[in-house]
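Worksheet: one structure, shown below.
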Amino acid sequence: MSPTGIVSFGDVNVGSFVDHVFTVQNTRGGTVSGSASASAPFSIVSGSPFTLVGEMATQAVTVRFTPTASANVSTNANFTADEDSISLLVAGTGVDVAGPTTTVAGTGVEVAAPTITVAITSPTSDPTYSTGNPFFTLEGTASDDAGVAWVAWVTDRGANGMAIGTTNWTASGIVLHPGTNILTVVAQNVAGNIARTILTVTLD
334 MSPTGIVSFG
344 DVNVGSFVDH
354 VFTVQNTRGG
364 TVSGSASASA
374 PFSIVSGSPF
384 TLVGEMATQA
394 VTVRFTPTAS
404 ANVSTNANFT
414 ADEDSISLLV
424 AGTGVDVAGP
434 TTTVAGTGVE
444 VAAPTITVAI
454 TSPTSDPTYS
464 TGNPFFTLEG
474 TASDDAGVAW
484 VAWVTDRGAN
494 GMAIGTTNWT
504 ASGIVLHPGT
514 NILTVVAQNV
524 AGNIARTILT
534 VTLD
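Residue numbers 334 to 537, in my numbering, belong to the letters of the sequence shown in order.
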């Protein structure tokens, strides 16, 4: 299955869409049948259901993000094949050209919509960091008026996991590879909005 981890569709104008192609693969041999699903504003537009005949056979499955409002949204893209299943977190941001606002009922007054924030504070608050230790831990903070639901991390090498804590969180058990490692931390509030921050770590 590729890609893995948290898949970001980026910023997409409301009323437009962006597609992302996932590849499912038969690793057991024989014939494997399955399907994919995702909840709005994400949808499966091609490649599902699928039948993979023979070991290493592949099928491209296209997931589409079509935002209908200015907001950060995320959901699981679910892939099932016979007795196996995998869920990948997909996320995107609907962008309104006029900017995110909320109208106060009965007043006609528009105020800036609340946003969730997430930050890395340890071992650095800078965007880059170097270390000689392949076993890595991140610490940081997240905040939102509605409450932070969870914080997760993913690397460009395919590893991912959930952080412990929300407003003050710790992400441990991260294994670095020699060279450059891109670590993305994602936080989601109780309303489903997300924020992300990135740290580039070089393992010497």
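Beta carbons: idealized from backbone N, C-alpha and C, even for Gly.
| By the 10 Å Cβ neighbour count, where 16 or more other Cβ atoms means buried, how is aspartate 477 classified, buried or exposed? | buried
| field | Three-state class that DSSP yields for asparagine 359 in the structure shown | value | coil
| query | Are the segment 402 to 417 and the segment 484 to 503 in contact at 8 angstroms, needing three or more beta carbon pairs? | reply | no
| task | Can you tell me which of the three DSSP states valine 347 falls into? | result | coil
| Would isoleucine 531 pass as a contact of isoleucine 515 if the rule is Cβ separation under 8 angstroms? | yes
| Within this structure, are the beta carbons of alanine 520 and valine 484 separated by less than 8 angstroms? | yes
| request: Give me the Cα-Cα distance between threonine 391 and valine 351, rounded to the nearest whole angstrom. | output: 22 angstroms
| Element boundaries [beta strand (DSSP E), containing methionine 495] | 493 to 495
| task | Measure the C-alpha to C-alpha separation of phenylalanine 469 and leucine 509 and round it to an integer number of angstroms. | result | 7 angstroms
| message | Can you find the residues in the same chain that come closer than 6 angstroms, C-beta to C-beta, to proline 400, ignoring five residues on each side of it along the sequence? | response | Val345, Val347, Pro374, Gly427
| message | In this structure, how does DSSP classify asparagine 466 when only helix, strand and coil are distinguished? | response | coil
| said: Which of the three DSSP states is assigned to arginine 490 in this structure? | reply: coil
| Apart from the five residues on each side of it in sequence, which residues of its chain come closer than 8 angstroms, Cβ to Cβ, to glycine 512? | Thr535, Leu536
| request: Kindly indicate which residue of Asp459, Ala452, Asn501, Thr500 has the alpha-carbon position closest to the one of arginine 529. | output: Ala452
| field | threonine 517, enclosing beta strand (DSSP E) - first and last residue | value | 512 to 522
| request: State the beta-bridge partners of valine 508 as determined by DSSP. | output: Phe468
| said: Tell me the residue span of the beta strand (DSSP E) that contains aspartate 417. | reply: 417 to 428
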